[in-house]
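Novice: Let me give you the structure first, and then I'll get to my questions.
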Amino acid sequence: MKPSHFHHILSYIILTITLTPNITTLAIRFPNPISQVTGNPPDQFLKTAVFSLGSFWRAESVFGCLDGVVRTTVGYAGGSKSNPEYRSLGDHAESVQIEYDPRVINFRQLLEIFWSSHDSRQVFGQGPDVGNQYRSIIFINGTDESRLAASSKEREQTKSRSSIVTTQIQQLGTFYPAEPEHQKFELKRNPFLLQLIGNLAEEELEKSSLAAKLNGYAAELCPPRIQSRIDGKVNEIIRKGWPILRDV
Ligand SMILES: *[C@@H]1O[C@H](CO)[C@@H](O)[C@H](O)[C@H]1NC(C)=O
């Protein structure tokens, strides 16, 4: 099912929610299949990466889909202003922080996604998003990441010499999480999917791997294989049947 179809069943779902006292039981059936995909390790085994590649709403969608990505957070990085905010982010760039399980996905694979998910040659923005806050940056921490970032940038430049890859490689400094309304932005625009995962409170939503995946799914920015896997799960829930009021 395409996210564009959600509107059609939304009124049906709202009816269901209103009339069915045990809807939460049904809603929480959904998280299990997807959150079991990776079996997330404890936090101390996770690694962190930060990238800037244009709008952070989009960036979060792209990375949140990936198997092995445990959490995503949008925020501001790469500048010097302290306590940046959306309307006054100073010299920072919109960024996404990715916490990942290094047994499932590694920095090199994240770099591939980074390069294939934006136009690193576009100067001063991405598409309609124009400005310094949309610049392209790979944040690195340590010599391995530094080496991988530099060689991947060289490879990218080699693909064509007719324009310059603008991507900066910067030492990872402070990452400032953005305001709650910017977290899982695409998912929040989709009440049907929010309901499917049990209308999590904001703090839970920000930490949830499932929410990170569905955020990408809602934006239709998951790799095709993952997009259709989630489609399958969502369709299964619908096929099994939501309780419907047939008579009163
Ligand atoms: C940088 O890497 C070290 C070692 O892997 C880690 O302990 C540290 O938390 C990392 N720094 C940031 C800002 O992620």
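Throughout the sequence shown, residue numbering follows mature numbering (1 follows the signal peptide of the UniProt record, and there is no 0), covering -25 to -1, 1 to 223 in sequence. Each residue gets a CB set at the ideal place from its N, CA and C atoms; glycine is no exception. Please read these numbers as outputs of a predicted model, since none were measured by experiment.
Please confirm whether any heavy atom of ligand 1 lies closer than 7 Å to the CB of glycine 117.
Specialist: Checking the Cβ of glycine 117 against ligand 1 gives yes.
Novice: Do alanine 68 and glutamine 108 have their C-beta atoms closer together than 8 Å?
Specialist: Yes, Cβ-Cβ distance for alanine 68 and glutamine 108 is below 8 Å.
Novice: Ligand 1 and threonine 23: does the residue's C-beta get closer than 7 Å to at least one heavy atom of that ligand?
Specialist: Flag set: Cβ of threonine 23 near ligand 1.
Novice: What are the start and end residues of each continuous alpha helix (DSSP H) run of 4 or more residues lying completely inside the region 141 to 182, in chain order?
Specialist: 160 to 163, 166 to 171, 177 to 182, all fully within the region 141 to 182.
Novice: Within the same chain, show all residues whose beta-carbon is closer than 6 Å to that of phenylalanine 160, passing over the 5 residues directly before and after it, in chain order.
Specialist: Counting only Cβ-Cβ distances below 6 Å, and skipping sequence neighbours, we find Trp32.
Novice: As a quick exercise: from Leu162, Pro166, Ala194, pick the residue whose alpha carbon is nearest that of serine 183.
Specialist: When each option's Cα is compared against that of serine 183, the closest is Leu162.
Novice: If I follow the unbroken beta strand (DSSP E) through phenylalanine 26, where does it start and stop?
Specialist: Here the beta strand (DSSP E) through phenylalanine 26 covers 22 to 28.
Novice: DSSP state of phenylalanine 99, grouped into three classes?
Specialist: Coil.
Novice: Pick from Ser70, Ala194, Arg78: whose alpha carbon is nearest that of phenylalanine 26?
Specialist: Checked all of Ser70, Ala194, Arg78; the closest Cα to phenylalanine 26 is Ser70.
Novice: Check for me: the beta strand (DSSP E) holding glutamate 49 runs from which residue to which?
Specialist: Position check: residue 49 holds valine in this sequence, whereas glutamate was assumed. First-last of the beta strand (DSSP E) with valine 49: 44 to 52.
Novice: Just checking leucine 123 against ligand 1 - is the residue's beta carbon closer than 7 Å to any of the ligand's heavy atoms?
Specialist: Checking every heavy atom of ligand 1 against the Cβ of leucine 123, none is found closer than 7 Å.
Novice: Identify which residue in Lys56, Gly54, Arg96, Asp42 has its Cα closest to the Cα of isoleucine 73.
Specialist: Closest by alpha carbon: Asp42.
Novice: Looking at C-alpha atoms only, which residue of Phe167, Gly191, Glu178, Gln158 is the closest neighbour of isoleucine 212?
Specialist: Looking at the Cα atoms, Phe167 is the closest of the given residues.
Novice: Give a yes or no on whether the C-beta atoms belonging to glutamine 143 and isoleucine 112 are separated by under 8 Å.
Specialist: Yes, the pair counts as a contact, with Cβ atoms nearer than the cut-off.
Novice: Can you list, in chain order, the residues of its chain with a C-beta nearer than 7 Å to that of valine 37? Leave out the 5 residues immediately preceding and following it.
Specialist: Correct list, in chain order: Ile88, Ser92, Gly191, Leu196.
Novice: So what's glutamate 120 in DSSP terms, helix, strand or just coil?
Specialist: DSSP places glutamate 120 in helix when its eight states are reduced to three.
Novice: With distances taken from CA atoms, which of Asn174, Pro17, Gln146, Ile139 is nearest aspartate 76?
Specialist: That would be Pro17, whose Cα lies nearest to the Cα of aspartate 76.
Novice: Thinking alanine 187 and valine 44 are a contact (beta carbons under 8 Å), I'd like their distance in whole angstroms, please.
Specialist: Yes, alanine 187 and valine 44 are in contact; Cβ-Cβ is about 6 Å, under 8 Å.
Novice: Considering only DSSP beta bridges, list what glutamine 72 is partnered with.
Specialist: Beta-bridge pairing links glutamine 72 to Val25, Thr48.
Novice: Any heavy atom of ligand 1 within a distance shorter than 7 Å of the CB on leucine 147?
Specialist: Indeed, a heavy atom of ligand 1 lies less than 7 Å from the Cβ.
Novice: Grab me the residues of proline 198's own chain with a C-beta within less than 8 Å of its C-beta, minus the 5 sequence neighbours each way, in chain order.
Specialist: Once the five neighbours on either side are set aside, the close Cβ partners of proline 198 are Cys40, Leu41.
Novice: Alpha carbon to alpha carbon, how far is threonine 13 from valine 209?
Specialist: Bear in mind that the predicted position of threonine 13 carries a pLDDT of just 47, short of 50, making it too unreliable to give a figure here.
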